[in-house]
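Q: Supplied in structure tokens, the structure appears directly below.
This is the structure we're talking about:
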């Protein structure tokens with residue numbers, strides 16, 4: 001397969017990743033998760049990440065109740081303070097801590113309220129990717145691991161499809177999805193989500209296959225446990241580790257991808273609910289007069305993404321068998 | 001080996017066929033058509049109808065696909081609806097830009113990423129390590145287009161060190177042969193042209209390199225650390241080999257395997273990044289052009305470009321696979 | 001010798017960077033010297049074609065305006081008709097035949113003479129177009145102005161306004177038309193009616209558009225050999241570098257030669273990128289300045305020119321959409337609900353005005369006493385109540401990914417307008433669409449839309465070009481059918497005596513504002529900026545800036 | 001004067017957030033030229049760490065400290081600086097590792113891996129080196145060596161790989177050879193061959209060999225002197241025969257008893273050592289073996305037991321040793337002859353019974369050895 005070729009490299013890598021994170025023959029006794037948790041607690045990166053995310057989530061939950069102004073209240077224009085058309089956008093002041101945005105709305109309030117939407121986009125799109133990916137990967141993995149001849153067929157079939165996806169440049173894929181569905185919040189989520197499908201599929205499949213080859217599965221099979229049961233109650237649960245790690249990391253990229261889409265004008269156009277990516281994109285025309293309008297959301301995005309990445313990397317380490325010695 | 005190559009190339013044919021069908025249907029199912037894009041505000045239903053007719057878009061999709069296939073078989077990609085130029089011409093004029101950009105990005109990423117990751121691994125736990133790890137973490141978290149603007153604001157607008165847009169200073173009269181500006185400059189001995197083209201590549205290259213760089217640093221670091229713990233390194237030490245030999249022949253050589261794979265993968269992702277970078281730096285390449293073509297529903301361009309790119313991918317991956325079997329004897333070409 | 005590779009590599013990178021920067025510097029040096037008679041101008045998009053007969057996009061026309069000349073042309077910086085290749089022009093008694101006296105001693109870039117013959121060759125070329133040359137996207141302005149061709153190949157094409165061209169002598173040419181029209185001679189100012197060298201047209205097969213269906217290709221004339229009489233000659237079009245280079249026409253026969261030796265148009269599609277390019281010295285000027293950048297750039301000493309507003313931004317109401325919208329009171333309510341002043345003040349560049357009618361006051365026929373609908377929430381609510389249109393929900397389309405001279409920031413405008421509408425109790429369902437093709441598709445055809453905004457930039461200084469193109473026939477955009485109105489337009493258009501015609505336009509404007517098919521919002525002056533040391537360019541409402549007069553003052 | 005004289009070698013790992021581990025705790029033993037010395041013990045008793053310490057291969061990290069003295073005819077292997085050590089390693093002292101696959105560089109041809117050591121220490125290069133390498137492979141019994149030179153590790157069988165490793169080790173006729181579990185990763189039959197090879201090499205070249213193993217069969221098959229380690233200390237040292245004949249330390253006895261014996265009656269059970277090497281008592285507060293010892297008395301706990309030197313050159317570290325002639329199962333030649341496996345080839349003068357039940361999974365051995373360098377890494 002032409003495009004697939006490229007994908008295959010990626011695929012193999014993901015597979016290996018999955019196997020690595022899944023293959024843990026040693027370390028009985030303490031459960032994987034307890035162990036991992038202990039290691040997490042010892043890892044400063046993990047702690048920083050968790051704190052950042054904690055704040056982020058907290059803000060996105062309670063924030064909207066605390067903000068001084070409505071996020072869509074064009075107060076600055078009503079009071080004639082903001083003339084962005086003429087390059088006038090007042091900066092920080094006593095009662096508008098971060099000043100106004102180009103529509104005369106209180107930047108601070110929008111930033112706070114924006115957290116929720118941003119979190120929503122990140123989480124939902126990741127979940128979309130996770131759900132579809134895990135479904136495909138899970139089926140393929142189960143099929144390949146325990147399915148025998150037909151299983152292998154099913155597996156190859158599914159994986160070819162995934163490889164196709166993997167081969168397309170993600171942003172162009174997203175762009176054309178947006179073109180098909182028209183710009184909207186759902187579009188962003190779907191576009192960003194779909195992009196991460198193959199990754200999840202590959203990972204889960206990889207680690208499930210690794211698990212299926214492990215002795216306890218052999219044991220279970222030899223004890224005559226039904227394949228489906230093994231797949232569900234033994235293999236799957238034990239294969240989730242790398243997927244969960246990946247999910248955390250994907251949350252970061254999802255938020256950034258969403259911002260990129262907004263920049264291309266494919267972001268969520270409904271400005272009633274502010275979202276950092278959109279805020280960043282909307283600020284572009286005003287970089288000249290108030291770069292801050294771009295910097296605030298950008299920094300917010302970077303910090304959040306960093307939080308997810310830190311936590312994700314820490315989890316990966318904590319769960320990596322090669323490190324658990 | 002030879003049979004391997006041949007088989008790969010044969011696989012190409014059905015694949016391209018399948019791809020073309022899927023793509024053709026997908027594109028023509030997108031709402032709206034080129035006619036609206038062409039006419040803009042002044043379009044009337046009649047005009048649109050007329051254009052659709054001229055473009056043969058009113059015919060059933062199968063007929064259209066048939067027409068497309070006929071052309072393809074004659075290796076004729078048709079002409080862009082938007083620019084009325086031959087698709088092949090468009091490609092030859094725009095693709096080199098993207099390649100130059102991507103190449104620069106990858107080179108920067110490798111040239112900085114591998115040494116940095118390696119040093120980080122060797123100095124594990126020391127300042128350099130923490131800095132580079134932190135850097136690489138932040139690197140993947142900065143939206144490319146934002147980074148691009150920042151770079152421009154600093155190095156172009158204020159320091160006037162680098163140009164902020166384009167591939168070459170238009171006041172330079174450069175001969176175009178391959179449209180790889182640097183290459184052309186060297187071939188025609190127009191040194192200033194080549195230098196200027198390079199100079200224009202720096203900022204967009206950096207912007208596009210940010211993510212690959214971050215990833216390469218991390219992969220290199222991780223895999224060097226892993227290899228350092230391998231038994232065969234201990235064996236090498238036990239042989240009493242000089243540190244240099246151990247590092248280069250045994251550690252680096254093995255550590256590079258996963259890095260190589262990663263680099264192979266990154267090149268694909270670069271195309272996505274290119275869309276943004278090219279827009280922000282007004283850099284003439286296919287990334288932005290394809291994006292435009294999507295919004296203008298420029299079917300011939302989209303079909304043609306993606307077909308060509310697909311073929312190129314196969315060839316590149318063929319090389320990649322072959323090269324793998326060179327770096328890692330365990331990989332066999334089948 | 002610890003870890004040799006990294007150090008080497010790092011060193012290499014550093015060296016390379018320095019080297020590059022090095023030649024960079026030297027480079028700046030040279031170009032700095034030569035720059036004084038070379039102007040690089042940033043434009044938002046690649047020109048589509050170099051033969052203005054086939055062009056409708058601003059960028060192609062911008063190039064054409066430097067390379068070609070028309071019989072009559074707008075006054076510099078204005079819209080009035082002034083001599084171009086023709087020194088004078090007079091209609092006969094019927095008003096259907098116009099006699100043009102041509103400038104003598106004019107030569108085309110290829111050295112051939114410009115004369116009456118040449119003019120006729122050009123007009124006949126257009127008139128006798130066949131096949132793809134009749135496609136609306138290929139000869140847009142001819143069809144817009146003249147309607148049809150000698151042999152119409154499409155049934156939706158009207159009879160041609162142009163009838164024939166006769167060269168009385170070398171410098172006298174008669175243009176005959178099938179009827180009297182307001183468009184003559186104003187429309188002949190359009191770059192699309194530029195006069196080309198017959199030799200070149202012949203040589204490069206200007207009128208044969210190759211291929212068919214999805215393989216339409218322009219002739220080499222249109223891509224590589226535009227040959228006119230203008231102050232600049234076409235030199236090269238470097239698509240790979242997104243630049244188009246013109247050079248001074250050394251034996252220009254016009255009033256004065258171009259001051260610049262070389263004029264380069266460089267495409268930078270992103271607005272910020274253009275600004276940054278200007279600031280970092282890549283370019284010495286650019287068009288489509290973001291409103292927000294006008295003041296700052298001025299402040300930095302850049303040479304900011306503001307064009308007289310020659311456009312209109314309006315809120316269109318589709319009466320076929322929501323039945324309620326057929327009710328005049330509802331439309332009035334909408335008009336009252338909009339705080340257009342606030343919008344103009346906050347979103348549009350300095351000098352923007354609230355529009356009282358669908359055309360700017362710089363055009364003859366503008367009516368100072370039309371019905372106006374000033375911001376009045378109470379009145380709006382009351383009208384809605386009368387019309388029984390409380391809790392009305394409207395589908396409001398607005399475009400994304402576009403800036404137009406008349407609407408620098410569509411999304412912002414939508415946000416403000418919808419806030420206003422919601423303030424009077426109209427629920428708004430915002431529907432964002434990509435400008436091309438989705439938005440244009442949805443708003444100019446079909447029934448889906450209730451509200452949307454769109455605008456128009458005048459092609460030439462005639463009222464018909466504004467209100468005529470909008471309301472002289474039934475259109476999906478407005479979804480109303482008002483024969484009386486349509487007839488009045490016909491009448492106005494065919495009135496030979498200009499004074500009388502302008503009167504009719506005044507009435508029409510009043511009519512329209514009573515009927516209120518939509519709400520005119522604003523006229524905003526687009527800005528164009530030049531480097532601190534560039535002078536001599538005069539901003540034109542028709543974007544007919546002439547770079548021939550541009551020069552570097554030091 | 002012994003070739004290698006290890007005195008009071010101790011290695012401690014100190015790590016953030018973990019208690020410091022004394023992996024090796026005052027180990028002393030000596031090796032004469034041409035002698036085969038065994039270091040025996042359960043996994044985690046510190047055998048491997050000892051060998052790595054001697055080779056100077058312990059990762060140089062703040063947390064790891066090495067004490068004591070290891071006099072290799074005149075030079076103290078523990079004190080000599082890195083450069084000098086690199087010269088000694090591979091030339092005078094060489095090492096054979098446990099897992100032949102992972103111990104060979106997967107991406108470099110076997111030949112290169114042999115020649116590089118020749119180049120380094122014997123200045124051979126090009127054809128000379130290649131020829132020598134071929135001879136080496138031939139000598140360790142690899143058929144068709146010149147072809148093998150071009151092959152990669154993954155193309156060789158397990159036995160072949162181990163032979164290649166040995167070839168590399170003996171390339172410069174080192175005076176001391178350390179073999180760390182050289183056979184555990186191999187099948188029984190291959191094990192026997194490898195052991196034979198080692199023996200032959202030692203015999204011919206007069207190289208001294210330190211044999212690190214948990215496999216008493218191997219010990220019985222090869223060693224002249226045996227040091228039994230427990231929890232980082234030598235608990236018993238003796239010549240082979242006496243040790244097998246009458247082990248004095250209860251741990252040694254335990255080890256012997258946990259070997260399944262062919263000549264045992266069907267009825268009688270194996271008597272493995274209760275508990276695991278994990279539940280030890282820090283030497284400081286008594287005998288580390290005490291918790292598992294069936295001969296435990298009050299004296300065991302309190303202060304660390306001293307090494308006791310008996311009339312025959314044997315020492316053991318126990319306050320309540322097994323009586324000299326007694327309960328210990330008489331490990332005698334007849335038994336040996338009966339035994340198959342290594343014993344069979346082991347020739348007249350040696351070894352009890354092969355296949356020997358492994359005391360503990362190998363995995364553990366690796367685990368408790370050098371801590372993974374990535375332990376402290378934090379992203």
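Protein chains in written order, with full-length UniProt numbering: chain A, 1 to 325; chain B, 1 to 334; chain C, 1 to 554; chain D, 1 to 379. Ideal Cβ positions, reconstructed from N, Cα and C, are used throughout, including at glycine.
#1: If we ignore side chains and look at the alpha-carbon of each, how far apart do residue 33 of chain D and residue 202 of chain D end up?
#2: Which residue marks the beginning of the beta strand (DSSP E) containing residue 42 of chain C, and which one marks its end?
#3: Return no unless some Cβ of chain A is closer than 9 angstroms to the Cβ of residue 149 of chain B.
#4: Under a three-way DSSP split, which group does residue 235 of chain C fall into?
#5: Would you mind stating whether residue 66 of chain D and residue 78 of chain D have Cβ atoms separated by less than 9 angstroms?
#6: Identify the contact partners of residue 82 of chain A in chain C, using a Cβ-Cβ distance below 9 angstroms as the criterion.
#7: Does any CB atom of chain C fall closer than 9 angstroms to the CB of residue 345 of chain A?
#8: For residue 81 of chain A, name the three-state secondary structure that DSSP assigns.
#9: Can you name the residues of chain A whose CB is closer than 7 angstroms to the CB of residue 271 of chain C?
#10: Given a limit of 9 angstroms on CB to CB distance, which residues of the stretch 227-256 of chain B reach chain D?
#11: Give the straight-line distance between the Cα atoms of residue 189 of chain B and residue 199 of chain B, rounded to the nearest whole angstrom.
#12: For chain B, find out if any of its Cβ atoms is closer than 9 angstroms to the Cβ of residue 313 of chain A; answer yes or no.
#13: Hey, which unbroken runs of the alpha helix (DSSP H) at 4 residues or more fall wholly within the stretch 250-296 of chain B?
#14: Identify the contact partners of residue 156 of chain B in chain C, using a Cβ-Cβ distance below 7 angstroms as the criterion.
#15: Using a threshold of 9 angstroms, state whether the C-beta atoms of residue 406 of chain C and residue 523 of chain C are closer than that.
#16: Roughly how many whole angstroms lie between the Cα atoms of residue 147 of chain D and residue 227 of chain A?
#17: Tell me which residue opens and which closes the beta strand (DSSP E) that residue 397 of chain C is part of.
#18: Would you say residue 379 of chain D reaches chain B, if we count a Cβ-Cβ gap shorter than 9 angstroms as a contact?
#19: The alpha helix (DSSP H) spanning residue 474 of chain C covers which residue range?
#20: Entirely within the stretch 308-375 of chain C and at least 4 residues each: give me those alpha helix (DSSP H) ranges in chain order.
#21: Can you find a CB in chain B that lies within less than 9 angstroms of the CB of residue 25 of chain A?
#22: Quick one: which chain B residues come within Cβ less than 7 angstroms of residue 55 of chain D?
#23: Measuring straight from C-alpha to C-alpha, what distance separates residue 310 of chain A and residue 243 of chain A?
#24: Using alpha carbons as the reference points, say which of D:182, D:253, D:168 lies closest to residue 218 of chain D.
#25: What distance in whole Å lies between the Cβ atoms of residue 136 of chain D and residue 167 of chain D, which are believed to be in contact at a cut-off of 8 angstroms?
#26: Of all the CB atoms in chain E, is at least one closer than 9 angstroms to the CB of residue 139 of chain D?
#27: Within 10 Å of its beta-carbon, does residue 11 of chain D have 16 or more other beta-carbons around it, so buried, or fewer, so exposed?
#28: Closer than 7 angstroms between beta carbons: that is the criterion. Which residues of the stretch 285-296 of chain C meet it against chain A?
#29: Below 8 angstroms, can you find three or more Cβ-Cβ pairs linking the stretch 30-48 of chain D to the stretch 226-237 of chain D?
#30: On the three-state DSSP scale, how would you describe residue 165 of chain C?
#31: Verify the CB distance criterion: does residue 219 of chain B have a CB-CB separation below 9 angstroms to chain D?
A: So, from the data block:
#1: For this step, residue 33 of chain D is matched to residue 33 along the fourth chain. For this step, residue 202 of chain D is matched to residue 202 along the fourth chain. Roughly 10 angstroms between the two C-alpha positions.
#2: Within the third chain, numbered from 1, the residue matching residue 42 of chain C stands at position 42. Note, residue 42 of chain C: beta strand (DSSP E), 38-43.
#3: Counting from 1 along the second chain, the entry for residue 149 of chain B is found at position 149. Yes, contact with chain A.
#4: What you label residue 235 of chain C is simply residue 235 of the third chain in a count that begins at 1. Strand.
#5: As a first step, residue 66 of chain D must be located in the fourth chain, where it is residue number 66. As a first step, residue 78 of chain D must be located in the fourth chain, where it is residue number 78. Their beta carbons are under 9 angstroms apart, which means residue 66 of chain D touches residue 78 of chain D by this criterion.
#6: Numbered from its first residue, the first chain carries residue 82 of chain A at position 82. Near residue 82 of chain A (Cβ distances below 9 angstroms), the residues of chain C are 346.
#7: In this structure chain A extends from 1 to 325, so residue 345 of chain A is not present and cannot be described.
#8: Counting from one through the first chain, the residue named residue 81 of chain A turns up at place 81. Of the three classes helix, strand and coil, the one that applies to residue 81 of chain A here is coil, per DSSP.
#9: As a working mapping, residue 271 of chain C is identified with position 271 in the third chain. By Cβ distance, chain A contributes 285.
#10: 228, 229, 230, 231, 232, 233, 234, 235, 236, 237, 238, 239, 240, 241, 242, 243, 245, 249, 250, 253, 254
#11: On the second chain, position 189 is the one that residue 189 of chain B refers to. On the second chain, position 199 is the one that residue 199 of chain B refers to. For residue 189 of chain B and residue 199 of chain B, the distance between alpha carbons rounds to 17 angstroms.
#12: The residue you call residue 313 of chain A lines up with position 313 of the first chain. Output row for residue 313 of chain A: interface = yes.
#13: 253-280, 286-295
#14: On the second chain, residue 156 of chain B is found 156 positions in, with the first residue counted as 1. Near residue 156 of chain B (Cβ distances below 7 angstroms), the residues of chain C are 276, 280.
#15: Indexing the third chain from 1 puts residue 406 of chain C at position 406. Indexing the third chain from 1 puts residue 523 of chain C at position 523. In this structure, residue 523 of chain C lies closer than 9 angstroms to residue 406 of chain C by Cβ.
#16: Reading the fourth chain from its first residue, position 147 is the one you call residue 147 of chain D. Reading the first chain from its first residue, position 227 is the one you call residue 227 of chain A. Roughly 47 angstroms between the two C-alpha positions.
#17: Working through the third chain from its first residue, we reach residue 397 of chain C at position 397. Counting along the chain, the beta strand (DSSP E) containing residue 397 of chain C begins and ends at 392-400.
#18: Indexing the fourth chain from 1 puts residue 379 of chain D at position 379. Caution applies to residue 379 of chain D, whose pLDDT of 33 falls short of 50 and renders its modelled position unreliable; the value that the coordinates give is listed next. Yes, its Cβ sits closer than 9 angstroms to a Cβ of chain B.
#19: Here residue 474 of chain C refers to the residue found at position 474 when the third chain is read from its first residue. Neither: residue 474 of chain C is in no alpha helix (DSSP H) and is coded neither H nor E.
#20: 328-337, 340-347
#21: Position 25 of the first chain, counting from 1, holds the residue named residue 25 of chain A. With a pLDDT of 40 at residue 25 of chain A, under the threshold of 50, the predicted position of this residue should be treated as unreliable, though the coordinate-derived value follows. No, no contact with chain B.
#22: Looking up residue 55 of chain D in the fourth chain gives position 55. The answer, in chain order, is 238.
#23: By 1-based counting over the first chain, the position of residue 310 of chain A is 310. By 1-based counting over the first chain, the position of residue 243 of chain A is 243. So the alpha carbons of these two residues sit roughly 16 angstroms apart.
#24: The sequence position of residue 218 of chain D within the fourth chain is 218, counting from 1. Selected option, being the one with the closest Cα: D:182.
#25: Translated into the one-based positions of the fourth chain, residue 167 of chain D becomes position 167. Translated into the one-based positions of the fourth chain, residue 136 of chain D becomes position 136. Indeed, because the Cβ distance is near 4 angstroms, the residues count as touching under 8 angstroms.
#26: As a matter of chain content, chain E is missing from the structure shown, whose protein chains are A, B, C and D.
#27: In the fourth chain, the residue the question calls residue 11 of chain D occupies position 11. Classification for residue 11 of chain D: buried.
#28: 290, 291, 292, 293, 294, 295, 296
#29: yes
#30: Working through the third chain from its first residue, we reach residue 165 of chain C at position 165. Reduced to three states, the DSSP call for residue 165 of chain C is strand.
#31: As a position in the second chain, residue 219 of chain B is number 219, starting the count at 1. No - not a single Cβ of chain D is within 9 angstroms of the one on residue 219 of chain B.
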